[in-house]
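A.B. asks: Count along the sequence shown from 1, then add 1391; that gives the number in the numbering used here.
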Amino acid sequence: MKDITKHYSNGEVTIVWKPGVCIHSEKCFHGLPSVFNPNEKPWINAEGATTEQIISQIKQCPSGALSFFMNADATKEDGNLLDKL
Ligand code: SF4
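#1: With a threshold of 16 other CB atoms inside 10 Å of the CB of THR1405, please say whether the residue is buried or exposed.
#2: Between VAL1426 and SER1416, what straight-line distance do the alpha-carbon atoms span, to the nearest angstrom?
#3: Using three-state DSSP, classify LYS1409 as helix, strand or coil.
#4: Below 7 Å, is the gap between the Cβ of PRO1453 and the nearest heavy atom of the ligand FMN?
#5: DSSP has ILE1449 in a bridge; who is on the other side?
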């Protein structure tokens, strides 16, 4: 479980979630329930808020289970990265 990494993208930002690192503090779904909703599958809806709101919420994750990268930056560094996700 520790090594699993999931990606959810709205085309601009990609949310990275590591379930093995999550400490279930519930900060994410209390802070931005339109994106982070454990009652839905998948539980992360990257289209549920603006990129700015998503990034600001991810920065509040206390465990580091949530992180993100901008798709434009990933494409710049490695043109094929997004195909590998
Ligand atoms: S804020 Fe981070 S640690 Fe808390 S439930 Fe969400 S992903 Fe898990």
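Each residue gets a CB set at the ideal place from its N, CA and C atoms; glycine is no exception. Bear in mind that the values here come from a model prediction, so they are computed numbers and not experimental data.
C.D. replies: Once the coordinates are examined:
#1: buried
#2: 16 Å
#3: coil
#4: What this structure holds is the ligand SF4, not the ligand FMN.
#5: DSSP, once it has assigned bridges, lists no residue as partnering ILE1449.
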